[in-house]
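In the numbering used here, the protein residues as written are 501 to 626. Encoded as structure tokens, the structure appears first; notes follow it.
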């Protein structure tokens, strides 16, 4: 059985479309105000940009991409290059990490830790 490039591309596009729909639903649930501010088209565009941008950092597993896109919505589309977020570069530029380490998850954890520090929350206080 041989699959043509056209068939393969169609399958990949269909899978991407399903992922975009799942992300829209997820983001509307967890960050409704931010999604509302973007509108339907803006949210879909953000997700598309997020998928492509995550891939440039080697983040291609859906779970990691979802975390990356969530951070884009929380901190801005260029959060990974913003000087006020140096914690992003520690994860994204770590050449020892590969996708199996799930950079997206590690990035998300770094964001949570950074938020705790900014808010002055100590884990011992919780």
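Beta carbons are placed, not taken as given, at the ideal position from N, Cα and C, and that holds for glycine.
Our two residues, residue 587 and residue 554, have alpha carbons roughly 16 Å apart in a direct line. In this structure, residue 561 and residue 547 do not form a Cβ contact; the two beta carbons are roughly 16 Å apart against a cut-off of 8 Å. Two segments are said to touch when three or more pairs of C-beta atoms, one from each, lie closer than 8 Å; by this definition the segment 526 to 542 touches the segment 571 to 584. Rounded to the nearest angstrom, the Cβ distance from residue 580 to residue 592 is 6 Å, consistent with a contact under 8 Å. Cβ-Cβ separation between residue 516 and residue 551: approximately 7 Å, consistent with a contact (criterion under 8 Å). Inter-residue distance for residue 506 and residue 512 is about 10 Å (C-alpha atoms, whole angstroms).
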